[in-house]
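> Chains A and B are the protein sequences, given in the same order.
Residue numbers for the first sequence follow this note's numbering, so the first one is 147 and each next one is one higher.
Residue numbers for the second sequence follow this note's numbering, so the first one is 557 and each next one is one higher.
Input: one structure, supplied below.
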Amino acid sequence: MNIENTKAQMRKGVLEYCILSILQNGEAYPSEIIDQLKKSKLIVVEGTLYPLLTRLKNAEILTYRWEESTSGPPRKYYQLTKKGEDFLKELENTWNELVKAVKITSK
Amino acid sequence: MNQTVTANIGGIVFHIEVDAFDSLTNYLNKIKSYFNNSEEREEIMRDIEGRIAEIFSSKLNERNQVIKNADVTELIEVMGKPEQYIDEDEVIREEKFSSDNTYRTAKKFFRDPDDRIIGGVAAGIANYFGIDAVWLRLFFIGALFFGFGFLLYIILWIVIPEAKTASDKLQMKGEPVNIDNIGKTFKEEAQKVSENLKNNGKQYGKKAESIIASFFDVLGVILTSVFKVLGKIIGVAFLIIGTFWLVALIGMLVGSNTIFSITSDGIFSVEAIDFFNLIFVSEDQFYWALTGVLLAIGIPIITLIYGGIKLLLKIKTHYSIGLGMFIIWIIGVSICAMVGIRVATELTNDESYTNTEVINNSINEFYISAAIETSPGKGILEDRFSVISLDKDSIFLNDIRLYIYESKTDSMELKVVKHANGRSRKEAINNAKMITYHYAINDSLIYLNNYLSTLKQNKIRGQEVKLKLYLPVGKTIFLDKSLKHIIHNVANVTDTWDHNMLGEKWVMLEDGLTCLDCDEIEGITSEQLNLLRSTKNQ
């Protein structure tokens, strides 16, 4: 089994959760989200983020508004919807359970 | 000095060096093609372009106004190459066994290069239907015995594209779509239709004024799905009909070593090549003709099957396949035409060779009859107009015609005119000379054969024999009923049809052939004839 694959797989599992968590603290535009994700080394290439945001938006978990930018084209500021907040709560529970499970089993 | 172009990226105008622009366009097209079938492509591409514009804006300042190749390279590194996206998808692919995701990609037919024995056709189809490839392989092996298995496999091999990229492989197996799986937004058609319906339903409530518009939208959706179903039905029909014809064609090929013919004497069989060699100049020409006919008939059949498969499996194929088939078909038709022309040139010249037989002038009454037995050899073709039969060395043909004319002189003559075609006049005359025709004249009895013959090596070249009997005025002739196959347009003063002239005695008078002592036909009696003769002698 390829270790890189396993790592990427694990990253992917939490990527969605992390994006929603970032947006929990308030609205953000993709570059900001990317910066945070890059800091945490969750994504390697930015291209991955855009389809993901679009899909979350289409699933009505996220919504966005346009804002003019001084340093480029207008930006999409994303924020959680009511549905998104519930969704995130679910994910939080699952994550905590997983962390617990890992702790117990890896002892 | 480098040339620059201006480009509008995400609504902002940039100056970009030409080679940088090329690699950027290349990069964007690559991504775009990766999202090829996604509904969300437009939006994703806009977002990505927006991000590119942002990154480029940050590169520019008072001193640096132009985007260079290095900037694009750096950008691609940051954004990630489509290949990198694909690599990430491969991760997803391995997840499918554990994850129970309800979103599945619409499946498409691909040949599976990872699990192939020959072309991966069986594995690809097995992937599509989610069954074990072993069953399909067994089917193909079974079908091999019915003759069409091999061809079917080859056709499928050609029309079904190979799964080359990871994305193809995902579609081939209908892998689950994970939420972060870039570009995987294909949905089952049914889902799409129901969603469209749902969306349109919402519009009903929201916009009462556009009910009619919505109605047509819904109607459109329903019609689209009806046509999709119809397409499948037509596809199945094409496939069945095509396969049937293909089997028939192969059956014909396998069976065409022998030609069976049913004639009045029974059923005969002749080696096909033996028969066609009577027409074609060489054996090569026969095989050319065979190839031409096969292509001219086979290609449309294969196209039908191909069309059926395309409709059924919704495979997108390159237009070159259709074009290629068309070209091959044209080649087939051209071969047919060329062989046809070559054979036709063998027949361009029609010449004759005449033998004149002077008949004893002291006899006044003749009796003419024909052989009633059929020609020797095995008959291979028999219809109302012609009989062709063969024995070991010879061809027998029944193109014999008897004409009766008034002799301009006092001598009674039978002219045997042998006709044949050939590439040149000389060859035509030669072919005519090679005709063997038997007849016998015994005092008052004229006995004609009802067939001619020539050696097989002379081939069938329009051979016929015209018998012209020149009857002086005053002579009588009895036309036997056995002449019915060879008598031809004999002019007479009573305007009687050839076949009705048989079984009667006819006399040649100054004004033409007249029936003598007939019941049905209004001719003259012996007394009248004697009277005529005595008055003439006086």
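Idealized CB from N, CA, C, for every residue including glycine.
Excluding the 5 residues flanking residue 917(B) on each side, which residues of the same chain have their C-beta closer than 8 Å to its C-beta?
For the purposes of this step, residue 917(B) is taken as residue 361 along the second sequence, with counting starting at 1. Only 966, 967, 968 and 1028 meet the Cβ criterion.
> Name the chain A residues whose beta carbon is nearer than 9 Å to that of residue 630(B)?
Numbered from 1 along the second sequence, position 74 holds the residue referred to as residue 630(B). Result: empty, since nearest Cβ-Cβ is about 12 Å, beyond 9 Å.
> Pick helix, strand or coil for residue 205(A), following the three-state DSSP scheme.
As a position in the first sequence, residue 205(A) is number 59, starting the count at 1. In this structure, residue 205(A) counts as coil in the three-state DSSP scheme.
> What does the alpha-carbon distance come out to for the pair residue 1024(B) and residue 793(B)?
Your numbering for residue 1024(B) matches position 468 in the second sequence. Your numbering for residue 793(B) matches position 237 in the second sequence. In a straight line, the C-alpha of residue 1024(B) is about 60 Å away from that of residue 793(B).
> Grouping DSSP H, G and I as helix and E and B as strand, with all else coil, what is residue 961(B)?
Translated into positions along the second sequence, residue 961(B) becomes position 405. It is a strand residue.
> Just curious, the beta strand (DSSP E) that residue 993(B) is in, first and last residue?
Within the second sequence, numbered from 1, the residue matching residue 993(B) stands at position 437. Run containing residue 993(B): none; DSSP gives neither H nor E here.
> Along the region 172 to 203 of chain A, where does the CB come closer than 8 Å to a CB of chain B? Name the residues.
So the close ones are 176, 177, 190, 191, 192, 193, 194, 196, 197, 198, 199, 200, 201 and 202.
> If residue 1060(B) sits next to residue 1074(B), beta carbons under 8 Å apart, how far is it from one beta carbon to the other, in whole angstroms?
On the second sequence, position 504 is the one that residue 1060(B) refers to. On the second sequence, position 518 is the one that residue 1074(B) refers to. Contact flag correct, Cβ pair sits at about 5 Å.
> If we ignore side chains and look at the alpha-carbon of each, how far apart do residue 964(B) and residue 1067(B) end up?
As a working mapping, residue 964(B) is identified with position 408 in the second sequence. As a working mapping, residue 1067(B) is identified with position 511 in the second sequence. Their Cα atoms are separated by approximately 12 Å.
> Along the alpha helix (DSSP H) that carries residue 894(B), what are the first and last residues, could you check?
As a first step, residue 894(B) must be located in the second sequence, where it is residue number 338. Start and end: 875 to 901.
> So, helix, strand or coil for residue 590(B), using DSSP?
Position 34 of the second sequence, counting from 1, holds the residue named residue 590(B). Residue state, collapsed to three classes: helix.
> Would residue 993(B) pass as a contact of residue 952(B) if the rule is Cβ separation under 7 Å?
As a position in the second sequence, residue 993(B) is number 437, starting the count at 1. As a position in the second sequence, residue 952(B) is number 396, starting the count at 1. No, the pair does not count as a contact, with Cβ atoms beyond the cut-off.
> So which residues of chain B does residue 218(A) contact, with C-beta pairs closer than 7 Å?
In the first sequence, the residue the question calls residue 218(A) occupies position 72. Chain B residues near residue 218(A): 568, 609, 610 and 613.
> Roughly how many angstroms separate the alpha carbons of residue 633(B) and residue 212(A), rounded to a whole number?
Residue 633(B) sits at position 77 when you count from the first residue of the second sequence. Residue 212(A) sits at position 66 when you count from the first residue of the first sequence. Distance between the alpha carbons of residue 633(B) and residue 212(A) is about 27 Å.
> Taking 7 Å as the threshold (C-beta atoms), are residue 686(B) and residue 667(B) in contact?
To locate residue 667(B), count along the second sequence from 1; it is residue 111. To locate residue 686(B), count along the second sequence from 1; it is residue 130. No. Outside cutoff.
> Would you call residue 244(A) buried or exposed, if buried means 16 or more other Cβ atoms sit within 10 Å of its Cβ?
If you number the first sequence from 1, residue 244(A) lands on position 98. The residue in question, residue 244(A), is exposed, as its Cβ has fewer than 16 Cβ neighbours within 10 Å.
> Please report the residue range of the beta strand (DSSP E) in which residue 563(B) lies.
Mapped onto the second sequence, residue 563(B) falls at position 7. 560 to 565 is the span of the beta strand (DSSP E), which, as asked, contains residue 563(B).
> What does a CB cutoff of less than 7 Å around residue 1064(B) pick up in its chain, not counting 5 residues either side in sequence?
Here residue 1064(B) refers to the residue found at position 508 of the second sequence. Here the set comprises 962, 1027, 1028, 1029, 1030 and 1031.
> Shorter than 7 Å from the beta carbon of residue 599(B) to some beta carbon of chain A?
Locating residue 599(B) in the second sequence gives position 43, where the first residue counts as 1. Cβ-Cβ to chain A under 7 Å: yes for residue 599(B).
> With residue 950(B) as the anchor, note down where its beta strand (DSSP E) starts and where it stops.
As a working note, residue 950(B) is residue 394 in the second sequence. Its beta strand (DSSP E) spans residues 950 to 953.
> Suppose you measure from the CA of residue 749(B) to the CA of residue 808(B); what does that come to, to the nearest Å?
Taking the first residue of the second sequence as 1, we reach residue 749(B) at position 193. Taking the first residue of the second sequence as 1, we reach residue 808(B) at position 252. For residue 749(B), the predicted model reports a pLDDT of 46, less than 50, meaning its position is unreliable; a value from the coordinates is still stated below. Whole-angstrom Cα-Cα distance: 46 Å.
> Looking at the structure shown, is residue 700(B) part of a helix, part of a strand, or coil, going by DSSP?
The count along the second sequence starts at 1 and reaches residue 700(B) at position 144. In the structure shown, residue 700(B) sits in a helix (DSSP, three-state: H, G or I).
> Quick one: which unbroken beta strand (DSSP E) runs of 3-plus residues sit fully inside the region 989 to 1077 of chain B? Chain order, please.
DSSP runs (the beta strand (DSSP E)) wholly in the region 989 to 1077 of chain B: 995 to 998, 1001 to 1004, 1008 to 1011, 1020 to 1027, 1032 to 1035, 1060 to 1065 and 1068 to 1072.
> In angstroms with no decimal places, state the Cα-to-Cα distance between residue 984(B) and residue 900(B).
Indexing the second sequence from 1 puts residue 984(B) at position 428. Indexing the second sequence from 1 puts residue 900(B) at position 344. Going by the C-alpha atoms only, they are around 13 Å apart.
> Please determine, among 904(B), 1020(B) and 923(B), the residue with the shortest C-alpha to C-alpha distance to residue 943(B).
The residue labelled residue 943(B) in the question sits at position 387 within the second sequence. When each option's Cα is compared against that of residue 943(B), the closest is 1020(B).
> In chain order, which beta strand (DSSP E) runs of at least 3 residues are fully inside the region 898 to 928 of chain B?
For the region 898 to 928 of chain B, whole beta strand (DSSP E) runs of length 3 or above, ordered along the chain, are 905 to 915 and 921 to 926.
> State the start and end residues of the unbroken alpha helix (DSSP H) segment that holds residue 602(B).
Stepping through the second sequence from its first residue, residue 602(B) is reached at position 46. First-last of the alpha helix (DSSP H) with residue 602(B): 597 to 615.
> For a test of the three-state rule: what should DSSP assign to residue 968(B), helix, strand or coil?
As a working note, residue 968(B) is residue 412 in the second sequence. Reduced to three states, the DSSP call for residue 968(B) is strand.
> What residues from chain B crowd round residue 254(A), counting only those whose CB sits closer than 8 Å?
Here chain A comprises residues numbered 147 to 253, so residue 254(A) is not present and cannot be evaluated.
> State the DSSP-derived secondary structure class of residue 214(A), mapped to helix, strand or coil.
Taking the first residue of the first sequence as position 1, residue 214(A) is located at position 68. Note: residue 214(A) maps to coil in three-state DSSP.
> Interface residues of chain A around residue 634(B) at Cβ under 8 Å?
Working through the second sequence from its first residue, we reach residue 634(B) at position 78. By Cβ distance, chain A contributes 191 and 192.
> In this structure, does DSSP put residue 189(A) in helix, strand or coil?
On the first sequence, position 43 is the one that residue 189(A) refers to. Three-state DSSP puts residue 189(A) in coil, outside helix and strand.
> Does the Cβ of residue 581(B) have 16 or more other Cβ atoms within 10 Å, making it buried, or fewer, making it exposed?
Locating residue 581(B) in the second sequence gives position 25, where the first residue counts as 1. It is exposed - the Cβ of residue 581(B) has fewer than 16 other Cβ atoms within 10 Å.
> When you measure from the CB of residue 681(B) to every non-hydrogen atom of the ligand GDP, does any distance come out below 6 Å?
As presented, the structure is devoid of all ligands, the ligand GDP included, so that no description of it is given.
> In its own chain, which residues sit with a C-beta less than 7 Å from the C-beta of residue 988(B), not counting the 5 before and 5 after it?
Along the second sequence, one-based indexing puts residue 988(B) at 432. Answer for residue 988(B): 907, 908, 909, 974, 975 and 976, listed in chain order.
> Residue 596(B) versus chain A: which residues are under 8 Å apart at the beta carbon?
Within the second sequence, the letter at position 40 stands for residue 596(B). Simply 197, 200, 201 and 204.
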